[in-house]
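Visitor: Quick one: the structure is below, and I'll ask about it shortly.
In our numbering, the protein residues as written are 17 to 435.
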């Protein structure tokens, strides 16, 4: 994707104009102390003065002719400085970036430029050069002037965005990610909302580094800014791709559950895969419920044979399981927490979230279970019950292979299901 946002040239031009002040007056004997003392020849003075008059009258054609004449006879630093100054004023009026850069390159290095302006000119010039190189797809060449613009004090909001693009194009993902983060923080500090594309630019690069914690954190930040069903789906897909091998079926199933909780199940494939995953995990109650939901929404077509087989098998399994309360009693008498965990999973799948939490508590108390897996499922049940603080605590307790999924679930606690 192309990450460069539209150049904020209006901002650049405003900054440039405000930095220039008023032009030195050639015919004025009583010059202000702050104005440069210019030593010019009569040959230069005539076209320069005419250009000054034409600019004030907005007669740009005449101004261009007279400035070109002044440039042609400019010999000393004073004359070169003032002709460049006039050229910049003209090109600002004409919105000609090439002409502006030509003038700024002279003003940024002229010994006659007032000290309080030379950095401003340099910052604008280097920013514009870097931006132009980005447009020309010369990313490696753009980095140096963009960094120089920052060094000289440029506060252009697009600067870190341009650098992120340049770093990305030159195989420096860590630097690109850092620049996007800088752009996001600066935008938020200015009271504006960072564009969603900035997150979508950075997150795949963070994911490619293999840092699962950083990836989950970026996804959480993205969802906090843009909690739409479509973005939840995208974030969950990224998390699924980043899931470690040890996460297995539990992680896969809980990511489907998160898609369901955020209304991010999008099509027949989502519902069919979710239902099959639940059935294969020994949770037929959930498979039946999900398939019913998919059919009701019209996402699963009537007469879908594959889904029908999953549904029929799951219905039969539900009937053969009998009462879960019998298993709950057995869990209380068991020597360890494994039966309680399995029964809690069954209650969670059947939608009895309160009983699921109770059984998960028994499982954690008795031990001999994967506490991370139990806490993840326990957090899912607590969230469904609306017990937000307890759900956050449960998700925060999850470490290891399930940590990223838990972090994304934690982010979902404060967001309602989305249409």
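Built from N, CA and C at the ideal position, the CB exists for glycine as well.
Is the separation between the beta-carbon of residue 421 and that of residue 270 shorter than 7 angstroms?
Guide: yes
Visitor: Relative to the C-alpha of residue 123, which residue among 143, 145, 99, 110 is closest?
Guide: 99
Visitor: Just the C-alpha distance for residue 405 and residue 394, rounded to the nearest angstrom, thanks.
Guide: 13 angstroms
Visitor: Tell me the rounded alpha-carbon separation between residue 347 and residue 292.
Guide: 27 angstroms
Visitor: Mark residue 114 as exposed unless 16 or more other C-beta atoms lie within 10 angstroms of its C-beta, in which case mark it buried.
Guide: exposed
Visitor: Determine, using beta-carbon pairs with one atom in the region 378-389 and one in the region 343-358, whether at least three such pairs fall under 8 angstroms.
Guide: yes
Visitor: Assuming the contact rule is C-beta atoms closer than 8 angstroms, residue 239 and residue 247 should be a hit. Round their C-beta distance to whole Å, please.
Guide: A Cβ-Cβ separation of about 6 angstroms places residue 239 in contact with residue 247 under the 8 angstroms criterion.
Visitor: Quick one: Cα of residue 190 to Cα of residue 235, how far?
Guide: 17 angstroms
Visitor: Please list the segments of the beta strand (DSSP E) lying wholly inside the region 94-133, counting only runs of 3 or more residues, in order along the chain.
Guide: As far as the region 94-133 is concerned, it has no whole beta strand (DSSP E) run of at least 3 residues.
Visitor: Assign residue 45 to one of three DSSP states: helix, strand, or coil.
Guide: Note that residue 45 scores a pLDDT of 33, beneath 50, so its modelled location is shaky; the value from the coordinates is reported in the next line. When DSSP states are grouped into helix, strand and coil, residue 45 belongs to the coil group.
Visitor: Use the C-beta contact count for residue 34: other C-beta atoms within 10 angstroms, 16 or more gives buried, fewer gives exposed.
Guide: Since pLDDT at residue 34 reaches only 34, below the 50 mark, its modelled position is unreliable, and the value read off the structure follows with that caveat. By the neighbour-count rule (16 or more Cβ atoms within 10 Å), residue 34 is not buried but exposed.
Visitor: How many angstroms separate the CA atom of residue 61 from the CA atom of residue 92?
Guide: 13 angstroms
Visitor: Since residue 225 is in the alpha helix (DSSP H), which residue starts that stretch and which ends it?
Guide: Unbroken run through residue 225: none, as it is neither H nor E.
Visitor: Hey, residue 306 and residue 331: beta-carbon distance below 7 angstroms or not?
Guide: no
Visitor: Put residue 231 into one of helix, strand or coil per three-state DSSP.
Guide: helix
Visitor: According to the neighbour-count rule (16 or more other Cβ atoms, all chains shown, within 10 Å of its Cβ), is residue 229 buried or exposed?
Guide: Counting Cβ neighbours within 10 Å, residue 229 comes out exposed, since fewer than 16 surround it.
Visitor: State the DSSP-derived secondary structure class of residue 258, mapped to helix, strand or coil.
Guide: helix
Visitor: State the DSSP-derived secondary structure class of residue 339, mapped to helix, strand or coil.
Guide: coil
Visitor: If the criterion is Cβ atoms closer than 7 angstroms, does the pair residue 73 and residue 82 meet it?
Guide: Not closer than 7 angstroms, so no.
Visitor: Return the first residue and the last residue of the alpha helix (DSSP H) that residue 418 is part of.
Guide: Taken as a continuous stretch (DSSP letters only), residue 418 belongs to no alpha helix (DSSP H), as it is neither H nor E.
Visitor: Would you check if there are 3 or more beta carbon pairs closer than 8 angstroms linking the region 306-316 to the region 366-375?
Guide: no
Visitor: Quick one: grab the DSSP three-state call for residue 152.
Guide: Three-state DSSP puts residue 152 in coil, outside helix and strand.
Visitor: Can you tell which of 68, 77, 75 has the C-alpha that lies nearest to the C-alpha of residue 101?
Guide: Among 68, 77, 75, the Cα nearest to that of residue 101 belongs to 68.
Visitor: With 16 as the cutoff for other CB atoms within 10 Å, does residue 120 come out buried or exposed?
Guide: buried
Visitor: Residues in its own chain within less than 7 angstroms of residue 135 by CB, not counting five upstream and five downstream?
Guide: 168, 169
Visitor: By the three-class DSSP mapping on this structure, what secondary structure does residue 196 have?
Guide: Secondary structure at residue 196: helix, using DSSP grouped into helix, strand and coil.
Visitor: Determine the direct distance from the alpha carbon of residue 186 to that of residue 173, and round the result to whole angstroms.
Guide: Taking the straight line from one Cα to the other gives about 22 angstroms.
Visitor: Can you tell me the Cα-Cα spacing of residue 154 and residue 110, whole angstroms?
Guide: Those two C-alpha atoms are separated by around 26 angstroms.
Visitor: I think residue 338 touches residue 382, with their Cβ atoms under 8 angstroms apart; what is that distance to the nearest whole Å?
Guide: Rounded, the Cβ-Cβ distance is 23 angstroms, inconsistent with contact.
Visitor: Could you check if residue 103 is buried or exposed, using at least 16 other CB atoms within 10 Å of its CB as the buried criterion?
Guide: It counts as buried.
Visitor: By how many angstroms is the C-alpha of residue 165 removed from the C-alpha of residue 141?
Guide: 8 angstroms
Visitor: Taking the C-alpha atoms as reference points, what is the distance between residue 25 and residue 224?
Guide: Caution applies to residue 25, whose pLDDT of 34 falls short of 50 and renders its modelled position unreliable; the value that the coordinates give is listed next. In a straight line, the C-alpha of residue 25 is about 33 angstroms away from that of residue 224.
Visitor: Please return the same chain residues whose Cβ sits closer than 6 angstroms to the Cβ of residue 302, not counting the five positions on each side in sequence.
Guide: 294, 365
Visitor: What separation, rounded to the nearest whole angstrom, lies between the Cα atoms of residue 401 and residue 157?
Guide: 56 angstroms
Visitor: Measure the alpha-carbon distance for residue 371 versus residue 407 and round it to whole angstroms.
Guide: 15 angstroms
Visitor: What's the C-alpha gap between residue 222 and residue 214?
Guide: 12 angstroms
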